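Quick notes on the structure that follows.
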Amino acid sequence: MEALARARTAAGGDLSTFEQMMLRKPRASMDNATVLKLVKASVGKDVILQLIHTSTADYDVSANAIIELKEAGVDQGIILAMINASYATH
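For the sequence shown, my numbering assigns the number 11 to the initial residue and increments by one for each residue that follows.
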């Protein structure tokens, strides 16, 4: 986003309101503990998946961590999204 802001400024254009908002709002970070907390609070799968897709990934996706998630009742689709998000950031 900073590159976008620099490019717009260099070209003499202003950022849109949305672009300005996105520059100011940091992305939330999600980790295993946060996912577990959301699952235990009965937050819907679709909401958790959206948070995973729009947050910075900081997941432990080791075999032991995945076993712990599964034993805690985390849906397989959520675990797969966590794995995908972890490797998409590397």
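All residues carry an ideal CB built from backbone N, CA and C; glycine is no exception. Nothing here was measured: the structure is a model prediction, and the numbers come from that model.
Practice problem: Throw me the rounded Cβ distance for the I62 and A95 pair, which I believe falls under 8 Å. | Solution: That pair is a contact at about 5 Å.
Quiz item: V49 to G83, Cα distance in whole Å?
Solution: Looking at the two C-alpha atoms, the distance is approximately 8 Å.
Practice problem: Would you kindly report the start and end of the unbroken alpha helix (DSSP H) that includes S96? | Solution: Boundaries of the alpha helix (DSSP H) harbouring S96: Q86 to A98, taken from the DSSP string.
Practice problem: Could you work out which residue in D24, D85 and N42 is closest to A75 when comparing CA atoms only? | Solution: Measuring C-alpha to C-alpha distances from A75 to each of D24, D85 and N42 identifies N42 as the nearest.
Exercise. Note down the Cα distance separating E117 from D70, rounded to an integer number of angstroms.
Key: For the chain, the structure presents residues 11 to 100; residue 117 sits outside this window and is missing.
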